[in-house]
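The sequence shown begins at 0 in numbering that gives the first Met the number 0 and counts up one residue at a time. The beta carbon of each residue, even a glycine, is placed where N, CA and C say it ideally should be.
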Amino acid sequence: MYPDTVLHWIDDSTVASSSGQTFEKRSPIDDRVVARVARGSGADVARAVDAAATAADGWARTPAPRRGEILGRASALLRAREHELAEIVQTETGKPWKNAAAEVGSSADLGVFMESEGSRFYGRTMTSPIPNRSVRTERAPIGVCAAIMPFNSPLAGVAWKAFPALVCGNTVVAKSHELTPHTAVAFGQILRDAGLPLGVYSVVQGLGPEVGTALVDDPRVGLVSFTGSVPTGKAIQQRVSARPVLAKVCLELGGKNPLVVCDDADLKVAAEHAVASAFIDAGQRCAAGSRIIVFDRVYDAFRDAMLARTAAVKVGSSPQDDCGPVISRQSLDRLLRAVEGAVGRGARVLAGGCAVRSLAPGYYMAPTVLENVPHDDEVSQQELFGPVTCLYRAADFDGAIRLANATAFGLTGAIHTFNSNRIEQFIARYRAGLVSINGPTYGSGPHMPFGGVKNSGNGFREPGTEALDVYCEWKTVVVNHDPARV
Ligand code: NAD
């Protein structure tokens with residue numbers, strides 16, 4: 000059941016804002032008001048950080064395998080309550096049921112992976128040139144971690160940050176996205192039921208400039224783990240740099256991901272993957288395929304295959320649908336304006352380009368395919384975060400690689416070809432955190448490091464064992480076994 004009022008989650012209780020203020024949460028499916036949300040302030044952030052700071056020492060001293068056990072129980076509860084959680088995710092995002100349920104499953108998978116990492120908290124031993132010395136490295140928790148999240152996958156979003164942070168012995172203050180506020184609270188209730196001690200995980204609700212900034216500024220926060228847009232990520236990095244004492248900053252940002260279709264590709268398979276990459280979650284995925292780069296020689300045939308496949312995409316939020324609404328009315332209006340602007344500059348609309356009238360007042364946009372968009376046009380360069388993709392022509396392989404690299408992003412990318420030289424060259428020459436061969440531009444799992452280069456991130460990877468490097472510090476330990484000798 001979705002609550003009428005979404006509150007903060009502090010010390011295992013739902014808590015109203017100290018100011019008493021709230022804001023509306025509307026449903027992307029039909030624009031109705033589903034809840035009022037606590038509008039947090041600096042005072043609420045301070046209260047959550049107090050709880051996290053108080054709990055930090057006890058949790059850090061809990062042996063890592065014991066911490067892992069709690070995560071394992073939380074994963075089992077996620078599976079047992081799949082329906083309830085998928086319902087919350089669907090209410091907040093409007094995504095089709097199968098995608099909401101898949102989010103619950105993948106979050107539980109990550110908990111299981113991180114549970115077992117608790118029993119594998121390996122460091123290294125090293126030699127010393129000095130007699131009677133031993134040297135080793137250990138993983139050490141950071142303390143209080145801030146987790147600031149986007150709206151597109153609210154459960155996976157919080158699970159990807161909280162599970163590794165917790166197994167590493169940190170306490171977490173999560174900041175829900177204002178458009179998907181309750182999921183992180185429901186996740187907190189599961190952690191409590193799994194036996195997580197009081198204060199180890201909290202959630203604050205509210206607007207980025209009011210609550211996010213207060214969290215980033217709090218000197219007790221040792222790590223800011225942020226997933227969201229490039230401007231916000233850059234602002235957070237600057238803000239942390241201005242603190243008297245620095246914090247670690249992990250940025251997982253946007254993408255403008257290419258899918259390259261070579262002249263030897265299986266065009267039907269490539270079209271299937273291009274359409275899934277562009278329109279799953281209504282294109283609101285950092286790994287969405289928003290630039291489809293096609294060899295001239297097969298451009299017309301591929302375009303036909305892609306448009307046929309696009310026409311078969313079912314828009315709606317029912318179990319059989321593929322492409323749900325975008326998150327807000329503002330987002331829909333922004334996307335429609337972007338398409339209109341591109342058309343004004345010469346783009347051709349091959350599919351969509353408009354809202355789905357029959358599903359109004361829900362925020363549904365028809366899956367949109369554009370062509371004739373210059374590669375330096377803003378629609379080619381800026382992440383749109385909606386069901387809009389563009390087709391580009393490439394004269395040859397080098398041209399395709401040049402285009403693939405021609406944005407400020409470098410998150411993911413795919414190539415469709417059976418030529419092993421092209422495959423290896425794409426892997427080597429396309430600069431990104433993830434490349435996919437004969438598949439979609441998305442794809443991640445609990446064991447797979449995910450993150451980007453350039454404006455897509457600042458070098459960290461979540462999840463996989465690499466996530467432990469986000470949420471731990473390495474401590475080098477030097478022991479003198481014979482202190483009497485200098
Ligand atoms: P956003 O930057 O608007 O908001 C993200 C979060 O930051 C929200 O919780 C918001 O309240 C908060 N925030 C806003 N201003 C803030 C400030 N000044 N200080 C602190 N916090 C602030 O992003 P969004 O629109 O919610 O999310 C979409 C973006 O997320 C896209 O760019 C997408 O590509 C990216 N994303 C990246 C990944 C990844 O793994 N790389 C995954 C999912 C989404």
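Does Glu177 get closer than 7 Å to chain C when you measure Cβ to Cβ? Protein chain content of the structure displayed is limited to a single chain, and chain C is not contained in it.
Please report the straight-line C-alpha distance between Asn479 and Ala54, rounded to a whole angstrom. 33 Å
Need the endpoints of the alpha helix (DSSP H) that His415 sits in, please. Careful: His415 lies outside any alpha helix (DSSP H), inside the beta strand (DSSP E) at 411-415.
Which residue's Cα is closest to the Cα of Ser419: Leu433, Asn437, Gly412? Asn437
Residue of Ile9, Thr464, Ala15, Gly444 minimising C-alpha distance to Tyr504: Nothing can be reported for residue 504: it is not among the residues displayed for the chain, which extend from 0 to 485.
Hey, is the stretch 312-320 in contact with the stretch 139-152, meaning 3+ C-beta pairs nearer than 8 Å? no
Three-state secondary structure assigned by DSSP to Tyr362: coil
Look at the alpha carbon of Ala193 and the alpha carbon of Ser118, and state the distance between them as a whole number of angstroms. 18 Å
In the DSSP assignment, the alpha helix (DSSP H) including Tyr441 goes from what residue to what residue? It is not in any alpha helix (DSSP H) - Tyr441 carries neither H nor E in the DSSP assignment.
Whole-number beta carbon distance between Ile326 and Pro27, since they are thought to touch under 8 Å: 6 Å
May I ask you to verify whether the stretch 381-399 touches the stretch 56-70, counting CB pairs closer than 8 Å and requiring at least 3? no
Own chain partners of Val348 with C-beta closer than 8 Å, once the 5 adjacent residues on each side are dropped: Val338, Val342, Thr367, Val368, Leu369
For Asn479, three-class secondary structure by DSSP: strand
Residue range of the beta strand (DSSP E) that Gly288 falls in? 288-294
Quick one: using the 10 Å Cβ neighbour count with 16 as the cut-off for buried, is Cys353 buried or exposed? exposed
Rounded separation between Ser18 and Val229 - CA only: 30 Å
Thr226: CB within 6 Å of a non-hydrogen atom of the ligand NAD: yes
Report yes if the C-beta of Cys144 is less than 6 Å from at least one heavy atom of the ligand NAD; otherwise report no. no
By Cβ distance below 6 Å, which residues in the same chain neighbour Phe22 in space, the five residues on each side in sequence not counted? Val36, Arg38
Over what stretch of residues does the beta strand (DSSP E) that includes Val368 continue unbroken? 367-370
Which residue or residues does DSSP assign as beta-bridge partners of Pro257? Arg290
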